[in-house]
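For reference, the structure is listed below as structure tokens.
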Amino acid sequence: MLTRRASFATILGSIFSWAAIGLVLFIGFNHREQIDSFFARIGGYEEQRAEGGIVRIRMARDGHFWANVKLNGYERRMLIDSGATITALSLPTATSAGIEPDKGHPPVTIETANGTVSAGAATLDTLEIGPLKAKDVDVVISEAFGEMDVLGMNFLSTLKSWRVQGNELILEPDGATGEISSAPEQRVEAPRGSGGERKRPEITAHKIPAEQQ
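Residue numbering for the sequence shown follows our numbering, beginning at 11 and increasing consecutively.
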């Protein structure tokens, strides 16, 4: 009887151990961006830094560039993607930034890696990356984007230049103050492209080419 109880306790302990490991892996996967940021800080280098009016962003372990952005003052980490025509916000982020789709503007159609979704059009009062500040930035908002927020070409095109050197993305404003004007009007339909797992404007597989500026 004692042997049976010991065996049962051992099995039960193993089940709890594997469940704990699974929980840690699940949490780590869902919060990998924050974990990357934490290890970057304790590792002695900055993921994002400003030199004068120029912003330098280090490539993340996933091969993409993530910017620490302020949307109407609300801080958010966003994926920078040159394959996205327009900046896209998840519904929770838009709510936290105090913006909502313009009711006077009809819904727009967005092509994502997982199909076509409907999104609302809106305008951010301010979008800031370090010393860089853009005003009246057009965005699209949709619940279908999940928790993903994307900084698209309608922001990048406001800069004097953007380019990759080594493992850094360099954003340079057109002027010494860092304040930049909004981009010219563009189509809101994002281009088609290949896969990824989350619904978002066509940004999943794109990486910024090293010679782009």
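Virtual Cβ for every residue (Gly too), placed ideally from N, Cα, C.
Since the model is a prediction, treat every value here as computed from it, not as a measurement.
From the DSSP secondary-structure annotation, give me the bridge partner or partners of Arg173. Answer is Ile180, bridged to Arg173.
Output the distance between the C-alpha atoms of Leu169 and Ile139, rounded to the nearest integer angstrom. Using only the alpha carbons, I get a separation of about 12 Å.
When you compare the stretch 165-181 with the stretch 110-123, are there three or more beta-carbon pairs, one atom per stretch, that lie closer than 8 Å? Judged by pairs of C-beta atoms under 8 Å, the stretch 165-181 does not touch the stretch 110-123, as fewer than three such pairs exist.
Run of the alpha helix (DSSP H) containing Phe165, from where it starts to where it stops: Counting along the chain, the alpha helix (DSSP H) containing Phe165 begins and ends at Met163 to Leu166.
The stretch 95-113 contacting the stretch 147-164, beta-carbon criterion three pairs below 8 Å: Enough Cβ pairs lie closer than 8 Å, so yes.
Is there a C-beta anywhere in chain C that falls below 8 Å from the one on Ser128? Given the protein chain composition of this structure (a single chain), no chain C is represented.
Please confirm if the stretch 129-148 is in contact with the stretch 79-97, defined as three or more CB-CB distances below 8 Å between the two stretches. In short, these stretches touch, since the Cβ pair count reaches three.
Ser106 lies in the alpha helix (DSSP H); which residues open and close that run? Note, Ser106: alpha helix (DSSP H), Leu101 to Ser106.
Going by alpha carbons, who is nearest to Glu157 out of Arg87, Ser27 and Asp72? Closest by alpha carbon: Arg87.
Determine contact between the stretch 54-69 and the stretch 117-125, defined as no fewer than three beta-carbon pairs at a distance below 8 Å. The stretch 54-69 makes no contact with the stretch 117-125: fewer than 3 CB pairs, one atom from each, lie closer than 8 Å.
Using the three-state DSSP reduction, which class does Gly206 fall into: helix, strand or coil? Reliability of the predicted coordinates at Gly206 is poor, the pLDDT of 36 falling under 50, and the value obtained from them is presented with this limitation in mind. Looking at Gly206 - three-state DSSP - the assignment turns out to be coil, as it is neither helix nor strand.
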